[in-house]
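If you read the protein sequences in the order shown, they are chains A and B.
Numbering of the first sequence is given in our numbering, commencing with residue 1 and proceeding in unit increments.
Numbering of the second sequence is given in our numbering, commencing with residue 382 and proceeding in unit increments.
Built from N, CA and C at the ideal position, the CB exists for glycine as well.
Fair warning: this is a prediction, and the values are worked out from it, not measured in the lab.
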Amino acid sequence: MRDVFIVGAGIHAFGRTPALTGLQQGVFAVRQALDHCGLTWPQIQFAFGGSDSAGNADTMVSALGQTGLPFVNVANGCATGGSALFGAYNAIRAGSFDLGLAVGFDKHPRGSFSPLPADWGLPDWYGETGLMLTTQFFAMKIQRYRVAFGIAEDTLGAVAEKAFANGALAEHAWRREPVDRQTILTSQMVSDPLTKFMFCSPAEGAVALVLASERKARELGLPAVRLRAVAMRTRPPGSFEVFSPALDLERGGSPTTLASQAAYEMAGVGPRDIDVAQLQDTEVGAEIMHMAENGFCADGEQTAWIAEGRTRIDGMLPVNTDGGCLACGEPIGASGLRQVYENYRQLTGRAGARQVPGEPRLGYSHVYGAPGVSAVAIVER
Amino acid sequence: MLDIHPPIADDLLTLSDGALHLIASREIATGRHVFPARPAGDNRFDRVLLPRQGSLWSWTVQRFRPKSPPYAGPEAFEPYAVGYVALAGALIVEARLTGIAFEALRLDLPMQLVPLPFTLANGETRTTFAFAPLETPGHA
Numbered sequence: 001m002r003d004v005f006i007v008g009a010g011i012h013a014f015g016r017t018p019a020l021t022g023l024q025q026g027v028f029a030v031r032q033a034l035d036h037c038g039l040t041w042p043q044i045q046f047a048f049g050g051s052d053s054a055g056n057a058d059t060m061v062s063a064l065g066q067t068g069l070p071f072v073n074v075a076n077g078c079a080t081g082g083s084a085l086f087g088a089y090n091a092i093r094a095g096s097f098d099l100g101l102a103v104g105f106d107k108h109p110r111g112s113f114s115p116l117p118a119d120w121g122l123p124d125w126y127g128e129t130g131l132m133l134t135t136q137f138f139a140m141k142i143q144r145y146r147v148a149f150g151i152a153e154d155t156l157g158a159v160a161e162k163a164f165a166n167g168a169l170a171e172h173a174w175r176r177e178p179v180d181r182q183t184i185l186t187s188q189m190v191s192d193p194l195t196k197f198m199f200c201s202p203a204e205g206a207v208a209l210v211l212a213s214e215r216k217a218r219e220l221g222l223p224a225v226r227l228r229a230v231a232m233r234t235r236p237p238g239s240f241e242v243f244s245p246a247l248d249l250e251r252g253g254s255p256t257t258l259a260s261q262a263a264y265e266m267a268g269v270g271p272r273d274i275d276v277a278q279l280q281d282t283e284v285g286a287e288i289m290h291m292a293e294n295g296f297c298a299d300g301e302q303t304a305w306i307a308e309g310r311t312r313i314d315g316m317l318p319v320n321t322d323g324g325c326l327a328c329g330e331p332i333g334a335s336g337l338r339q340v341y342e343n344y345r346q347l348t349g350r351a352g353a354r355q356v357p358g359e360p361r362l363g364y365s366h367v368y369g370a371p372g373v374s375a376v377a378i379v380e381r
Numbered sequence: 382m383l384d385i386h387p388p389i390a391d392d393l394l395t396l397s398d399g400a401l402h403l404i405a406s407r408e409i410a411t412g413r414h415v416f417p418a419r420p421a422g423d424n425r426f427d428r429v430l431l432p433r434q435g436s437l438w439s440w441t442v443q444r445f446r447p448k449s450p451p452y453a454g455p456e457a458f459e460p461y462a463v464g465y466v467a468l469a470g471a472l473i474v475e476a477r478l479t480g481i482a483f484e485a486l487r488l489d490l491p492m493q494l495v496p497l498p499f500t501l502a503n504g505e506t507r508t509t510f511a512f513a514p515l516e517t518p519g520h521a
């Protein structure tokens, strides 16, 4: 098995871009990544890419050039970006290629997602009677968790406050204005206990990463980060997932705990070695619970961690340094790669106003989505 | 209710001993309960009726009108409560909650299955299911 490096990255700003389709934003991100590396499209040997709602990634060859490269489309719900990275990483790791691309993009209409039951193996009545909403799942997961582990409402507000403060410092973020905690806590209730400012919104955006073998990375001589681990897992028995008409009484782990443990094992590091983390924050409760599911703290310790500012940019473990999904919005196909993009910027010391101090060495990213899939990547400077 | 309005789906609800029940499946090899029921003819599963009473496992309130499709309710919208109810010996089922103020919802509340009339956008009414607080005489 060979080492795999990220040698370049491109992004189309997240948010709303009425003038461009999702695919066009994807092409924009690919071109920026190539420019950034001084590479041209014909040099790219393969690509993995995907979107949830914005079309087939391989269509991009019309705009980028019909070089005949193998281009694999990935569709893995909210983990689409993470899964594209998983595919590209393994293609180089196995020795099949030296230079390739992972790209994710999306463009969703305003308002909540409107999934159709049949696409998720569920009967129509589940959607018809108003039970099939991702917002309900996230609300009910944190509702139970916060009673069990004493997570206060103020802690929920603090997570959103941090996200918007960080987003204000990130050029690619959608929400670039800080929002104070009182405004967050008293904004419109969407799905109890979560208010409007505690949820991310479906949005648009695109990210492309250029991956290279060690030999190729050396030859290119670019600032690079090494992928120490890329793991993805689906749900184990007893997990609590989006779109579940019923759960097992016997509770079990989650796809996140499985992917996290696998990634730590691959990398040969533990949670305490991580210097910066990007965790799926569909809403504030998700960030809080994912801190524990990814091994960074014990259940219930989040209250103290957040009160002490440990997850702020200047804290012991900065979390979601670009504002995460809360500030960037959620273009499903792009979010998982945005997290890795952000770690790449942080580890190569080019995160500007949001740069984590002390030259971070290990970056961790975690993406989660329906119907219970997680992908974790660990990168090293 | 079932006599008045047809059920929202086949193979979901049934009347047994005069009471409404949810139809589920039980995997013969493991005893694991599955809801909604597996299609008839899958001989790895028995068909079972779920217990009618349980305790509230989690809850939220749906404060905005869900998008249609898939939501089939009328344009006019009233917020409604949703929860998971743990049914001992079976599973934890997701349902609408009814007959209780949002402020009164709390974990571990004893609940029981009730029929719920559900109005479709075209004005027709179907019967779906919900859980309401269990009324126990002598125990407030």
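Can the beta-carbon of residue i be found closer than 7 Å to that of residue j?
i: V179(A); j: F164(A); result: yes
i: L156(A); j: V284(A); result: yes
i: I92(A); j: L211(A); result: yes
i: S397(B); j: L431(B); result: no
i: S213(A); j: R2(A); result: yes
i: V242(A); j: R444(B); result: no
i: G300(A); j: G150(A); result: yes
i: A451(B); j: L116(A); result: Per the sequence shown, residue 451(B) should be read as Pro rather than Ala. A contact, by the Cβ cut-off of 7 Å.
i: P417(B); j: P245(A); result: yes
i: A170(A); j: G329(A); result: no
i: F97(A); j: V74(A); result: no
i: V442(B); j: A469(B); result: no
i: L209(A); j: A102(A); result: yes
i: I306(A); j: R354(A); result: no
i: L227(A); j: Y89(A); result: yes
i: V276(A); j: P360(A); result: yes
In chain order, what residues of the same chain lie with their CB nearer than 6 Å to the CB of residue i, ignoring the 5 residues before and after it?
i: T506(B); result: H386, P498, T500
i: I440(A); result: Outside the shown range of chain A, which is 1 to 381, sits residue 440(A), and nothing can be said about it.
i: C78(A); result: I332, G369
i: W41(A); result: L64, G65
i: P388(B); result: L394, T508
i: F71(A); result: A47, D58
i: Y465(B); result: W438, S439, I473, E475
i: A471(B); result: H414, L431, P432
Which term fits residue i, buried or exposed, when burial requires 16 or more other beta carbons within 10 angstroms of its beta carbon?
i: G205(A); result: buried
i: G81(A); result: buried
i: Q188(A); result: exposed
i: Q182(A); result: exposed
i: G121(A); result: exposed
i: T67(A); result: exposed
i: G130(A); result: buried
i: Q434(B); result: exposed
i: I184(A); result: buried
i: S406(B); result: buried
i: I11(A); result: buried
i: R338(A); result: buried
i: M232(A); result: buried
i: S374(A); result: buried
i: F424(B); result: Rather than Phe, the amino acid found at residue 424(B) in this sequence is Asn. It is exposed - the Cβ of N424(B) has fewer than 16 other Cβ atoms within 10 Å.
i: M316(A); result: exposed
i: E161(A); result: buried
i: A485(B); result: exposed
Excluding five sequence neighbours on each side, which residues of the same chain lie with their C-beta closer than 7 Å to the C-beta of residue i?
i: A224(A); result: F5, I6, V7, A217
i: R345(A); result: A351
i: M382(B); result: Note on M382(B): pLDDT 47, under 50, position unreliable in the model; the coordinate value appears next. Once the five neighbours on either side are set aside, the close Cβ partners of M382(B) are P496, P498, T508.
i: T479(B); result: V495, L497, A511, A513
i: E342(A); result: Q278, T321, D322
i: A334(A); result: G81, G104, F105, D106, G205, A206, V207
i: E293(A); result: S254, T256, T257, S260
i: E250(A); result: G238
Pull up the CB-CB distance for residue i and residue j, whole angstroms please, since I reckon it's below 8 Å.
i: G253(A); j: P236(A); result: 5 Å
i: T303(A); j: A152(A); result: 6 Å
i: K448(B); j: S114(A); result: 4 Å
i: A453(B); j: A390(B); result: Not quite, the Cβ-Cβ distance comes to about 11 Å (not below 8 Å), so this is no contact.
i: D248(A); j: R413(B); result: 7 Å
i: A263(A); j: A286(A); result: Actually they are not in contact, since the Cβ atoms of A263(A) and A286(A) sit about 18 Å apart, beyond 8 Å.
i: V9(A); j: H36(A); result: At residue 9(A) the sequence reads Ala, which differs from the Val that was named. With 8 Å as the limit, A9(A) and H36(A) qualify as a contact, their Cβ atoms being about 7 Å apart.
In its own chain, which residues sit with a C-beta less than 8 Å from the C-beta of residue i, not counting the 5 before and 5 after it?
i: H520(B); result: Caution applies to H520(B), whose pLDDT of 48 falls short of 50 and renders its modelled position unreliable; the value that the coordinates give is listed next. Excluding sequence neighbours, H520(B) sits near nothing in its chain.
i: C325(A); result: C200, Q280, D281, T282, S335
i: Q136(A); result: S191
i: Q382(A); result: Nothing in the structure corresponds to residue 382(A), since chain A is present only between 1 and 381.
May I ask you to list the residues that DSSP assigns as paired with residue i?
i: Q493(B); result: Q434(B), A513(B)
i: Y387(A); result: Residue coverage of chain A in this structure runs from 1 to 381, which leaves residue 387(A) outside it and unanswerable.
i: K107(A); result: E204(A)
Interface residues of chain D around residue i at Cβ under 7 Å?
i: R144(A); result: The structure shown contains no chain D; the protein chains it does contain are A and B.
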